[in-house]
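**Q** Going down the list, the sequences are from chains B and S. Number 111 in the working numbering belongs to position 111 of the first sequence; there are no gaps in the numbering. If you want the working numbering, it's the position in the second sequence, counting the first as 1, plus 206. We treat Cβ as the ideally placed atom computed from N, Cα and C, and that holds for glycine. The structure displayed is predicted, hence computed values, not measured ones. I am attaching a structure below and will ask some questions about it afterwards.
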Amino acid sequence: MNPTAGIVYLLDDEPEMVKAISRLLRAKRFDVRGFSSVNAFLEACQPEGPACLVLDVSMPELDGLELQRRLTRQGILIPIVFLTGHGDIPMSVRAIKAGATDFLTKPVDAALLIPAVSAALQVARSRWKDDAEVKALEEQEAALTAREREVMRHVVAGELNKQIALALGTGEQNIKQHRANIMKKMGVESVADLVRVTERLGLTRR
Amino acid sequence: MIALTHKPHGYRILAMVVWVTALAAFSGSTLAADPKRVLVIDPYGPGVAPFGSTLSEFRNVLGREYGERVEFYDVSLDRARFQEPEDDEVFVAFLRSRMAARPVDLVATVGGPGMDFVVRHRQELFPNTPTLFIAGSPETVHGGLQQSNVFQVTTTLDLAGLVKGMLQVLPQITNVVVIAGASPLEQLTAEDCRRAFQPLTNQVTFTWLTGMSLDQTVAACSNLPPQTCLLHTFFLVDTVGRPFERNEPLRRFHEAANAPIFGYFESDLGMGIVGGRLYPDLQLGAEAARIAVRVLRGEDSKSIPLRLIDPTLPIFDARELRRWGIREGTLPPGSTLHFRQPDFWERYRWPIAGAATFFLVQAALIIGLLVNRARRREGEAAATLIAEISSKFVNLPPGDVEREIMDAQRRICGVLGLDLAGLWQWSDDTPAGLRLTHLFRTDKGPKPPDPMFAQEHFPWLEAQMLSCRTVAIPSIDELPEGATRDRETFRQFGIKANLTIPLAVGGESLLGALGFNTTRSERSWSGRLVSRLQVVAEIFANALARKRGDELLRDDEARLKAGTELAGLGYFEVDYGADRCFMDARFQQICGNPPGFREGRKALEFWLANVHPNDRQRVLDERQKLHDGSKNPISAEYRYLHPIEGEKWLDHLAALAAHRPPGTGVRTFGVIRDITEQKHARREAEELRGNLAHLTRVNTLGALSGSLAHELNQPLGIILSNAQAAQELLLQNPPDLPEVQSILADIVAADRRAGDVIQRLRALLKRGETSLRPVAMNEVIEEVLQLAQADLIDRGVTVQRSFAPDLPLIAGDRVQLQQLILNLILNAAEAMVGNPSGARLLQVRTSPLGSAVRASVRDQGTGLPPDIEKLFQPFYTTKSQGLGMGLAICRSIVSAHHGRLWAEPHAEGGAVFHVELPMANDPNAR
């Protein structure tokens, strides 16, 4: 995949800075969207594909970290590259812990910025892919009936058909039938794969 | 007959009037009754005493009392000289013819011889005519003529009694000289006397001066031995028979005699005799006349018995009494004094009264003048004394006042005759009141106690003095009821009268009192005396007040001196008008005046010459303010070149002298102080402060490193990114040159921005001195907020601005103010570190406040410690890192701006820091 594929969102309260970094990134063939206002950014941030965010941490309007949390809550899980005028260690640690991809100090040299952005986009892409996959799975899962979902739970728990039938108060045959449907719907051929799929689903669902 | 001729009417009337009158007159003379005729037979001749006076009295009284006309026919038998009875015939013949022609109504005769004659010849001459015998012995009459129509009035005379009377009046008489003339009658009388005086010859000796000529007799009279008196009987004729004028002999005797003369007859009194019970010759005549009146009116002898007259009551001539020193007391009782002063008095009553009055008036005037003179003399003496005292007290040195007061009191006592004088002075010690300080007394007496307080001994007097009332007590018994204690004290000191005058200047508080007393006698204090002494009291009061003022002044001066010495001040006074100046020892020391330059103009010039040339004009300008009349003191700090010690800094304070007589020049006074050390110390302190300020600025900036870094990093970052972008673009084929151009432009701008930040940084870091210029507080705060923005964001602090529009400019140093606000803002942010995010609000507000501008920084932090002031002290810090100088420096900055900085807790939590700074052009801001 194109390392520059994906949108790079740029948010800095200083328009000049936005302008300068945008130029740089664009020169490096990134698809940059620059904002100097948080609200403007939030409105525009509806990524259809992988995207990352280059974010100035110390903005008067909104604490950068706060923004990160807000995005997360909104389900916009895009990787963030933090920029800061200070070289404060505690802050950077906090940012990383909160899931920042990178933490750079201004003035930021292109040699540092470009790889960071690329990495972020990579993460974004993979996440995107992951997301896409997960989405497909989710759709499959959604196709299951309630009964099937119930059965799947037991199957995944490693129980035998007999046991499941007993637990659910139905015949074994039914269980076998369900099993087959589940396998089909879920697009897997082995119980092990099913487990993996459910795990994936379970991972992304809370 | 008056012919009646035909005359005009008026004339006719006149004629008739005249006719009638003549007729009346004629009728009067013819129709009236014939006057009575009285024949007076005078045996001795006219004027012969005594009968001369008897007869004349007889005639006068008869004429007066009878009322109608009486004609007198006088016949004198002249028997005094001629004693021959043969001569009778002549007279008889004469009388007969006379009787025939005109019969008489009454015959009067007097004396023995007369009676004899009438007795003898009555029958033939006038047998039926009433006959009146005056004097003579009764026997003769009744014996001789027992007939009707005979009347008699006579008297008896006791000759011996006469002499006895003389002796009674003059007991010391041992010798009586009897005078008689030479005529037969007189001889006869002498004989009678001799006989009568016989029984008295054992008491007195009688000497007889008879038979001599008048001259001889007079001579004899003038040479009489002492204790002699004269008895004058008759002296009618002298030896050659010459009759004397009536009373001439007596007069001459009276003139010549050196002894008192007694006489015989009532009519002699007043002629020179002393007096006594005298022969009433005048009364005889008067009584005879009265009888004659009755006879002429028709009474007969049956109704008019013999009339016997006593000798006179003792009568005396007061003049003779006085002449011979005979006292009235020796006169017999019932005596009458004649010719005494009343005579004189009657005659000269009005002149005498007038003269007496005149003399009285004169005397009164003289006395008045004398008294006046005496009083005036006394008054003059007193006035002179007062004038002397007054002039002496004018220029009296205060130290001499009390002594001179006592001396003056002594003199006053001397001039006015007083005995005791005291000076009381008011004392504020306990007990407060009048205290006797000086006492003068002329006599010995009990000593007053020491100390003597009026409160204890003269409470009532003291009360009067406190009401500023002069008290004049003529007698201590007249003191009122409430002054019993005072009276006791007066008695104790033997004082009889007292005058006490309060001493107060202008009716203000009592300074003392003057007391004047007498011990010898009471004294009425005349109004004039009191007012004189009050003048004296005024003089004393003024002197005492001046003395007290002087003492106070002396005290004040001493204090001032002590004070200036203590403070190391040099004191000076300059009298520009009189070209005089005074510089005290300390001043000389500070300025180093050499000899010859310590007084007057020279001293002044010396000082001015040594003032540093750069400061001289300033000093002169300040001095000029005083010359222009400024009431405010001037002050100046300047460098002074001491000739030996070199350059010094002096602090100089001067003012105009308060009380200046008009017309005199400028007078100033003041102090100087050597502040060289202080100046250096101050300078050092300033340096230190500057250092410290710098240090903290640096420190603060250290704390700002985050912000600073940010401020710089921003432009740097922009530059870097832009430059790298440009590098990329230039690699493209074709390069986007317009884009590169705009990139470069942005780079330049960013660079400039960085440059600005550096500049500001340098300014902040630069060590500067406070220069106050008009500054807009809002701008300053905004700049600081910009500067600190990154930091604040880092700390998650939200800033809320509330700036007053049209805030007046303040007088301030921009850099320092920025430091101040920065400090406050950083402190506020720091305080809120523990707050949850979203609860970190920093509020900045500015507002005008009267003549100042207030800026407030409020946080929601941990608030203030209980002792708020501690915050502002150096080395107070809650941070583990930091000097703790921040707020101390802030305070120092604010005070350099003549403002205020303080902190308050906020009701809703947190703290507010207020800064108040004066407006530019505020008189407080210099």
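1. Anyone know if the C-beta pair for T361/S and Y485/S falls short of 8 Å?
2. Can you list, in chain order, the residues of its chain with a C-beta nearer than 8 Å to that of T416/S? Leave out the 5 residues immediately preceding and following it.
3. Going by the DSSP bridge assignment, what does K854/S pair with across the sheet?
4. Might you give, ordered along the chain, the residues of its own chain that have their beta carbon closer than 7 Å to the beta carbon of A1010/S, omitting 5 neighbours on each side?
5. Output the boundary residues of the beta strand (DSSP E) element that contains F82/B.
6. In chain order, what residues of the same chain have a beta carbon less than 7 Å from the beta carbon of I1074/S, not counting five sequence neighbours either side?
7. Report the residues of the segment 996-1027 of chain S with a CB closer than 7 Å to any CB of chain B, ordered along the chain.
8. Less than 6 Å between C-beta atoms, sequence neighbours within five positions excluded: which residues of the same chain meet that for R616/S?
9. Taking buried to mean at least 16 other C-beta atoms within 10 Å of its own C-beta, is S235/S buried or exposed?
10. One question on the structure: do I707/S and L739/S come within less than 8 Å of each other, judged by their Cβ atoms?
11. Quick one: is E283/B buried, meaning 16 or more other Cβ sit within 10 Å of its Cβ, or exposed?
12. Against chain S, does Y79/B count as a neighbour if the rule is that its beta carbon must be under 8 Å from one of theirs?
13. Assuming V375/S and T536/S make a contact with CB atoms under 8 Å, what is their CB distance in whole Å?
14. If you reduce the DSSP assignment to three classes, tell me which class H818/S lands in.
15. With burial defined as no fewer than 16 other Cβ atoms inside 10 Å of the residue's Cβ, what is the status of H178/B: buried or exposed?
16. Within the same chain, show all residues whose beta-carbon is closer than 6 Å to that of S977/S, passing over the 5 residues directly before and after it, in chain order.
17. Contact defined as beta carbons within less than 8 Å: I believe G478/S pairs with H460/S. What is the distance between those atoms, to the nearest angstrom?
18. Are there 16 or more other CB atoms within 10 angstroms of the CB of Y9/B, so buried, or fewer, so exposed?
19. Starting from the beta carbon of G923/S, find every residue of chain B whose beta carbon is closer than 7 Å, and list them in chain order.
20. Residues of chain B with a CB under 8 Å from the CB of Q947/S: which are they?
21. Please classify T337/S: does DSSP put it in a helix, a strand, or coil?
22. Given G639/S, which residues of its chain have a CB within under 8 Å of its CB, disregarding the five upstream and five downstream residues?
23. Please name the residue in Y777/S, G783/S, G798/S and P800/S whose C-alpha comes closest to that of M789/S.
24. For a quick check, are the C-beta atoms of V817/S and Y844/S less than 8 Å apart?
25. According to DSSP, simplified to helix, strand and coil, what is N704/S?
26. For L935/S, decide whether its Cβ has a neighbour in chain B, counting only Cβ atoms nearer than 8 Å.
27. According to a CB-to-CB cut-off of less than 7 Å, which residues of the segment 21-37 of chain B neighbour chain S?
28. In this structure, does DSSP put M1038/S in helix, strand or coil?
29. Could you please give me the residues that DSSP links to G481/S through a beta bridge?
30. Would you please verify whether the beta carbon of A915/S is less than 8 Å from any beta carbon of chain B?
31. With a threshold of 6 Å on Cβ separation, who are the neighbours of P921/S within its own chain once the five nearest residues in sequence on each side are excluded?
32. I want to verify the contact list: residues of chain S whose CB lies under 8 Å from the CB of E14/B, in sequence order.
33. In whole angstroms, give me the CA-to-CA distance for R581/S and A689/S.
34. Just grab the DSSP bridge partners of N723/S for me.
35. Helix, strand or coil for H327/S per DSSP?
36. Mapping DSSP to helix, strand and coil, what is H1103/S?
**A** Looking at the atomic coordinates:
1. Taking 8 Å as the Cβ cut-off, T361/S and Y485/S qualify as a contacting pair.
2. Correct list, in chain order: V384, I385, A386, G387, A388, E392, Q393 and A396.
3. Y846/S
4. T1052, S1053 and P1054
5. I80 to T84
6. A1109, listed in sequence order.
7. Look at the segment 996-1027 of chain S: the residues with a C-beta under 7 Å from a C-beta of chain B are A996, I999, D1000 and G1002.
8. F646
9. For S235/S, the predicted structure reports a pLDDT of 48, less than 50, and the residue's modelled location is therefore unreliable. The matter cannot be settled from this model.
10. Here I707/S is near L739/S, since their CB atoms are less than 8 Å apart.
11. No information on residue 283/B is available, as it lies outside the stretch 1 to 206 that chain B covers here.
12. Sequence check: residue 79/B is Pro here, not Tyr. No, P79/B lies away from the interface with chain S (no Cβ there is under 8 Å from its Cβ).
13. 6 Å
14. coil
15. Residue burial annotation: H178/B is buried, with at least 16 other C-beta atoms found within 10 angstroms of its C-beta.
16. D1019
17. 3 Å
18. Taking all protein chains shown into account, Y9/B has 16 or more neighbouring C-beta atoms within 10 Å of its C-beta and is therefore buried.
19. M17, K106, P107 and V108
20. Residues of chain B passing the Cβ test: none, with the nearest at roughly 12 Å.
21. strand
22. W632, S633, F659, A660, Q661 and E668
23. M789/S has its Cα closest to that of Y777/S, out of Y777/S, G783/S, G798/S and P800/S.
24. yes
25. strand
26. At least one chain B Cβ lies under 8 Å of L935/S.
27. I21, R23, L24, A27 and K28
28. Reduced to three states, the DSSP call for M1038/S is coil.
29. F522/S
30. yes
31. A956, R959 and A960
32. For E14/B, the residues of chain S that pass the 8 Å Cβ criterion are Q920 and I924, in the order they occur in the chain.
33. 33 Å
34. L626/S and N704/S
35. helix
36. coil
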